[in-house]
Every structure is written in structure tokens, then in C-alpha cells.
Amino acid sequence: MDAADDLRQDLFDNLAEQGELPKPPTKSAKTAPNLAAAVDPFDKDADLLTALPDGTQLSPDDIAILKRMNLDYCHTLVGGKNLVIGQRYCQVQGNVLTFEAPAEFKKKFMHAPLIGMSDGHGRGKRKNQGQAWLEWPGKNIKLGGTGFFPDPKKCPADALNFYRGLQVKPMAGDVKPYLDHLRYVICAGHEPSFRYLVGWMAHLFQKPDVKPSVAIVLKSVEGTGKGTMAEPLLRILGSHGNKTNGAYAIAGRFNGLVANRLLIFADEVDLTDKHVADRLKGIISETTVNLERKGLEIEPLPNYCRLIFASNHARVLSAGIRERRYLVLEPSDGFAQDPGYFRRLWHWINHDGPAKLLNYLLIVDIADFDPYRCPQTAALIAEKLCNLSGVNQFFYHQIAKAEPFGGRPRIRATDLVDDFVSWSTEEGEKVSKAAAANLTGRMMAKLGIQVHGRSDRGGGKYYDLPERSELVQRFAFLLDIPVEELE
1 MDAADDLRQD LFDNLAEQGE LPKPPTKSAK TAPNLAAAVD PFDKDADLLT
51 ALPDGTQLSP DDIAILKRMN LDYCHTLVGG KNLVIGQRYC QVQGNVLTFE
101 APAEFKKKFM HAPLIGMSDG HGRGKRKNQG QAWLEWPGKN IKLGGTGFFP
151 DPKKCPADAL NFYRGLQVKP MAGDVKPYLD HLRYVICAGH EPSFRYLVGW
201 MAHLFQKPDV KPSVAIVLKS VEGTGKGTMA EPLLRILGSH GNKTNGAYAI
251 AGRFNGLVAN RLLIFADEVD LTDKHVADRL KGIISETTVN LERKGLEIEP
301 LPNYCRLIFA SNHARVLSAG IRERRYLVLE PSDGFAQDPG YFRRLWHWIN
351 HDGPAKLLNY LLIVDIADFD PYRCPQTAAL IAEKLCNLSG VNQFFYHQIA
401 KAEPFGGRPR IRATDLVDDF VSWSTEEGEK VSKAAAANLT GRMMAKLGIQ
451 VHGRSDRGGG KYYDLPERSE LVQRFAFLLD IPVEELE
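Numbering of the sequence shown is given in the working numbering, commencing with residue 1 and proceeding in unit increments.
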């Protein structure tokens, strides 16, 4: 059981027995660098492993060195190759994993004293500490594979868990400064969005291995505190969170940025590029991600990564008419020029704010939270309408008028086609009459407006148009937006 597992168990034991969270005295919980040793590094039986396979004898001091190495290293298989997994310090993310071939691993100890000795019968010799550890039967070895298990109890005993735990322990305390920032700035006072956003954050820590299919999008002018919102979450997650600029690093073929992450905050993004948007849609909802490292086979891992996108642009998304993957928020700029506001908020963050937030999010009731469907905000609706094109944009243009289609109660199919072709030309688009006939005919069918007549008789085919209110209602249903947005 690793540090993260101990933390989770202690937390909920206290909740069950006392009805409140424990109040640990420490500000942070640096994840113990124990890579879940197959052989307990503190097990007394390891002291009995006093020789290497070639006869090299180990002194008690040698064994102590090797046991300490078990805390920092694990021999495992990744992509079909033997590797030594270790950890190194990162100023931003705390401890992060390293992947080394055995030959490179041994070079780390070339400066260190050799250990071991001959057995007195010509067998064995003094050795590099890295080499001795690789040969030692008591080393930390996990040949059953690798995985990413935010709930360590689910990790098989012979597999290496890439999950390293959280960087802070929960601490009871005031979270009002942060919640006020979410409610009044990030969500601009929209209560359904605020409740969903808090539930989304709580779900991240209460059910980290349940992948939601909703990403958060923040679009506003600079200085509204979009990055400030993400800061406590990233501090809690350590190496399992990441901040990056732009969406290409996430959407590219190499998914190392997503693997082993629970949250990525991407700033300065533009999701209007269709290729990037399509790739990100998959990452938002896909349940697996490939860990690709140079020279190694692709290693599939579960994808539990949540995504927050931030942008200063008015238009951010390439949103389809049925888009529901994004909770799109337009943060208020009411405090954008108020340094005192952000000074107070950062004071909260830098004085145990992340620990207090974790404490709060672990006990938020998420029984009614839906990780697969979010509120449709005015910002998302605006993105949808801005992204309308072709025949959808033409019909929106008509229905938005006080008298759609010139106020005609009946319109001939040929006139509708001519109107669409003329409008397309004005918009700088070319569409043939045959294509226009197909597109307008299909749209009228989607709106439930039946075609009458025959093209070879009388005035040809025609449509009886409903009242504007009925047209608005049908078109709003087609776009999956409230009727009020079209009135």
C-alpha cells in the first residue's frame, strides 16, 4: 500500500468514525518515492539475501544500500523492454518518473564506492552499485507490466503503478475565497455552471479513475483569473497535472503529455481548427491513450485525463450543432484590473489553499453529478451559432428575420433554391443548383416541412411554411438550443 492509498484509507476511516476530516499538521505530502516494491524494502527477510547469483557476498552495509535503492527504483517491462523506473525532482510537479535502460542506470553509480566481495573461492567480486542492485534477488522488480491506477488497490501485485499519489494532504479550512472566484468570476454568477464546475472538480478527486466526457472551456479577456482557477488543482495533483500552452501539444500524435495525467490546463488555445478539434474530441472521451517513447513499443494506458482550455479569443471552438462535450464559460472581467483582489486570492493559495480545497472537494456530494452531460451555457450557444455554415447559416439568417422567407406563407422549391444560391454567392461561397436543391430539401425535411406538388406539373414542388414561432421552435430543436436564443 503506497502513500496515496494510506491517505485515502485514513481519510475515509476518519470520515466514517468521526464524521469529519482529519487535520494533518503538515502543509504538503511529498509522495514517498517508494515504487511499490515487490519485495518489501524494510522486510527483515531481505537481510537474508546476502549473496548475488555469481557468488558475490554482501555485507550488512551493502544490503542497507540495496534496500534504500528499492525505495527509488523498480525493474520492470515497458514496451517489451527491460527498464529501470526511477524518480527525479521537478520544481513544478514534484517527483516525476524516469525511464532508463539498465546500461544507463549503472552509469549513475560510477562515482559511488563499489560494494560486495569475493566468496573466498574465486567467485564474485566488488561491483558497481547499480549492477549489484540489478543482480540482487531482493531488488524491487515488477515484471507483470505497468498501469495507471489512481486507486492503488486495483493495481495487480506484480504490476508497477505509474500513479504517484497527490502532493498535498487534505486540511480543513476556509475555501470561500476560491469558491467565490469560481461563482462570481469564472461562472459570472451563473449558478448551474458553478454547481457543475464544483462537481466536476470534486469528481476528479473522489472518482479519479472514472473518465468524464466533458471538458471545461474558459474564454474571456486577459486578467480574469483563468490560470488562477487551475493553480490549486495543479498543486494538488503534482506530476499528474500539467499546464501547457496551445492545444497542439495535446492533439499531436505523441500522447506522452496525456498519459499518466489526471488534469491538463491548456492556455492560449484555439480549437477552431477542425483537425485539432476532432483530435481533442477523441481525447476528451477516449478511455485509453498510448504511451509512446522513443525506441519502445507503444504502451496503451487508461485515459483518465480531464481537460481545461483557456483562451482570450471571442471564438474558441469548432462546435457542431449537437455539441455537448464542453462546459463553455465566459469569466467576468469585473476584477480584471483589481490587483488587490488577486493579491488576496493568491495569499489564500499560498497559505494551504490547495490542501483546504482538497479537503472540501473530497466531501462534496456528487451523487447527482453527471460526468457525461453539462449545462448548455450562453457561451456554448454563441459558439454554435458562430460556427453555423452553409445551409444551416442560411436558414438561421432567414428565421432570425421578423418575416422569414420574405413573409411568404408558401414558397416554391425552385425559389428556395435560388434564394440559397444567391445568399451563398453574397457570402463568397459557390454552390450549384443541384447541390442547393439537395441541401435545402434535406433541411426542410429536418424541420418537418413537407414538400407538395410535382416538378413536372403546375408550379412545381412547393412548401407551406408554418408561422415564424413554429419555425423558431423547430430550428431551435434542431440546433439543441433554447427557443429564447432565436427569438
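Glycine residues also receive a C-beta, built at the ideal position from the N, C-alpha and C atoms.
Exercise for the section: Say whether the region 311 to 328 touches the region 101 to 116, bearing in mind that this needs 3 or more beta-carbon pairs closer than 8 Å, one atom from each stretch. Expected result: no
Do you know whose CA, among 182, 120, 474, lies nearest residue 357's CA?
-> 182
Would residue 186 and residue 229 be called neighbours here (beta carbons separated by less than 8 Å)?
yes
- Which runs of the beta strand (DSSP E) spanning at least 3 residues fall entirely within the region 205 to 248, listed in chain order? 215 to 219, 241 to 245
Point to revise | Neighbour-count burial assignment, residue 1, 16 or more Cβ in a 10 Å radius | key: Confidence at residue 1 is low in this model, with a pLDDT of 39, below 50, so its placement is unreliable and the value that follows should be read with caution. Counting Cβ neighbours within 10 Å, residue 1 comes out exposed, since fewer than 16 surround it.
Open item on the list: Tell me the rounded alpha-carbon separation between residue 507 and residue 50.
Closed with: The structure shown does not extend to residue 507, since the chain is modelled only from 1 through 487, so no value can be given for it.
| message | What would DSSP say about residue 470, mapped onto helix, strand or coil? | response | helix
Return helix, strand or coil for residue 146, following the three-state DSSP convention. strand
*asked:* My output table needs one value for residue 162: the three-state DSSP class, helix, strand or coil.
replied: coil
Next on the checklist: Given this structure, state the Cα-to-Cα distance separating residue 289 from residue 193, to the nearest angstrom.
Outcome noted: 29 Å
Original post:
How about residue 196 and residue 74: are their beta carbons less than 8 Å apart?
Top reply: no
Q. In terms of residues, what are the limits of the alpha helix (DSSP H) holding residue 105?
A. 102 to 107
Open item on the list: Distance check for residue 235 and residue 352, CA to CA, integer angstroms please.
Closed with: 10 Å
- What does DSSP give as the partner residues of residue 311 in its beta bridges? 219
Worksheet item: Considering only residues of the same chain and omitting the five flanking positions on each side of residue 53, which have a CB-CB separation below 8 Å?
Response: 135, 137
Just checking, does the region 428 to 443 make contact with the region 386 to 395 on the three C-beta pairs under 8 Å criterion?
yes
Next item on the list: Go ahead and label residue 470 buried or exposed: buried means 16 or more other beta carbons lie within 10 angstroms of its beta carbon, across all protein chains shown.
Entry: exposed
Proximity to residue 399 [Cα-Cα], best of 434, 473, 342
473
Q) residue 199 and residue 364: beta carbons closer than 8 Å? A) yes
- Query: Rounded to the nearest angstrom, how far is the Cβ of residue 268 from that of residue 245, given a contact under 8 Å?
  - Reply: 5 Å
| Can you name, in chain order, every residue of its own chain whose Cβ lies under 7 Å from the Cβ of residue 77, other than the five neighbours on each side? | 143, 145
Assess, as a yes-or-no matter, whether the region 399 to 412 is touched by the region 460 to 467 under the definition of 3 or more beta carbon pairs within less than 8 Å.
yes
### Message
Among 427, 416, 378, 362, whose alpha-carbon lies nearest the alpha-carbon of residue 389?
### Response
427
Worksheet entry | Alpha-carbon to alpha-carbon, residue 127 and residue 279 | 50 Å
#### Entry: Own chain residues within Cβ distance below 8 Å of residue 180, not counting five before or after
none
Are three or more beta carbon pairs between the region 298 to 312 and the region 211 to 218 nearer than 8 Å? yes
Item to complete: Could you tell me which residues DSSP pairs with residue 452 in its beta bridges?
Response: 462
Can you tell me where the alpha helix (DSSP H) holding residue 169 begins and where it ends?
Note, residue 169: premise wrong, no alpha helix (DSSP H); not H, not E.
#### Entry: Check whether residue 97 and residue 148 have beta carbons under 8 Å apart
no
Quick one, which of 259, 444, 139, 468 has its alpha-carbon nearest residue 401's?
-> 468
message = In whole angstroms, give me the CA-to-CA distance for residue 349 and residue 312.
response = 24 Å
- Query: So with Cβ pairs under 8 Å, would you call residue 369 a contact of chain C?
  - Reply: No chain C is present in this structure, which holds just one protein chain.
Q. Short check: CB of residue 177 to CB of residue 344, under 8 Å?
A. yes
Would you list the one or two residues that DSSP bridges to residue 300? 290
- request: Between the Cα of residue 330 and those of 316, 240, 337, 338, spot the shortest distance and give me the residue it belongs to.
  value: 316
*Using a Cβ-Cβ cut-off of 8 Å (strictly less than) and excluding sequence neighbours within five positions of residue 62, which residues of its own chain qualify?*
115, 116, 132
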